[in-house]
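Scroll down for the structure; my scribbles are underneath it.
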Amino acid sequence: MYFKVTKRLFLHKSFILLPLIICLSDRKSAYTLMLLFAFLHEMAHLLTAKLLRKSGERLFVSPCGFELRLKSAAPGGEALIYLSGPLLSLFLAAVFYFLRNQTLFKINAALFIFNMLPALPLDGGRLLKLWLWKTAGAYRGNCAIKNISRICAVILIILAFLFHSVWLLIAATLIFSKTKRLTQTPFYKKRCNVVPVKPFYFSYNPPLLHLLRLFSPYFYTIVYIQGKNRPVTETEIIKYAEENGCDSRFI
């Protein structure tokens, strides 16, 4: 859905329609301001990443705004990075509210609310994903965030037709695109980087659900089960669970 402009800059394919959309819009100045504050929102992510000594990786631009994708960080560090953008939008909304500038207040309030929706690739979805990984495990967490994101996308489509908003429709399309990619790409291959291997040892044959809860996006799981001739890989666990169910055990 994106094409490469430079090593770190990517434009969404729908971006070529942006000049036409702006020309047809009756709120050209408001949309320009929205893009400006959306850029500041992403720069807050970048500044926080720099303070945590995590460098930015790639910037993705679409008619809905900007998405800064960062290199791997510790879960706590990622949460701070994802929160920094919405907190800046909330702060600016409060400032412009007290300054009685309704236009800039509404823009920043809308950016805060939109980015806190529990859907990928929005900040709210990324924060929810971190929490789900921690509480339910990476495998179940990914399944849950995928379904929640799709529900949010459907709601945005309904709102887009109710309020005749092309922006909400594009946002819903981007969310659907993200969930599709999440389904197609194994989550442990985070951004195609090599991840370390982490072994686990069992003196008994545990149910697959127990093994799935061991998974993490920060390492590749290898399981050694007493009595088996060779270790079981994460890929084999996922495939066996899909074929036999999470309550089954390796034969």
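What the sequence shown shows, in my numbering, is residues 257 to 507, in sequence order.
All residues carry an ideal CB built from backbone N, CA and C; glycine is no exception.
Treat the numbers as computed from the prediction; the structure is a model and nothing was measured.
| Item | Value |
| --- | --- |
| Own chain, CB closer than 6 Å to Pro452, minus 5 neighbours either side, in chain order | Phe475 |
| N- and C-terminal bounds of the alpha helix (DSSP H) containing Tyr457 | Run containing Tyr457: none in the alpha helix (DSSP H); it sits in the beta strand (DSSP E), Val453 to Phe458. |
| Minimum length 4: unbroken alpha helix (DSSP H) runs contained in the segment 341-409 | 358-371 and 379-392 |
| Helix, strand or coil at Lys260 according to DSSP, with G and I counted as helix | strand |
| Proximity below 9 Å, CB of Ile431 to CB of Asn461 | no |
| Per DSSP, the bridge partner or partners of Thr477 | Lys454 |
| In DSSP terms, what Thr489 is bridged to | Ile478 |
| Simplified DSSP assignment, three categories, for Leu303 | helix |
| Identity of the residue in Glu499, Thr391, Thr477 and Asn500 nearest Thr489 by Cα | Thr477 |
| Reduced DSSP category for Leu467 - H, G, I as helix; E, B as strand; rest coil | helix |
| Beta-carbon separation (whole angstroms), Pro374 vs Ile337, contact threshold 8 Å | About 17 Å; that fails the 8 Å criterion. |
| Whole-Å CB distance - Asn364 paired with Phe293, under 8 Å assumed | 6 Å |
| Nearest neighbour of Pro487, chosen from Phe361, Phe458, Pro342 and Ser421 [CA to CA] | Phe458 |
| Assigned secondary structure, Phe293 (DSSP; H/G/I helix, E/B strand, else coil) | helix |
| Arg396 beta carbon less than 9 Å from that of Pro463 | no |
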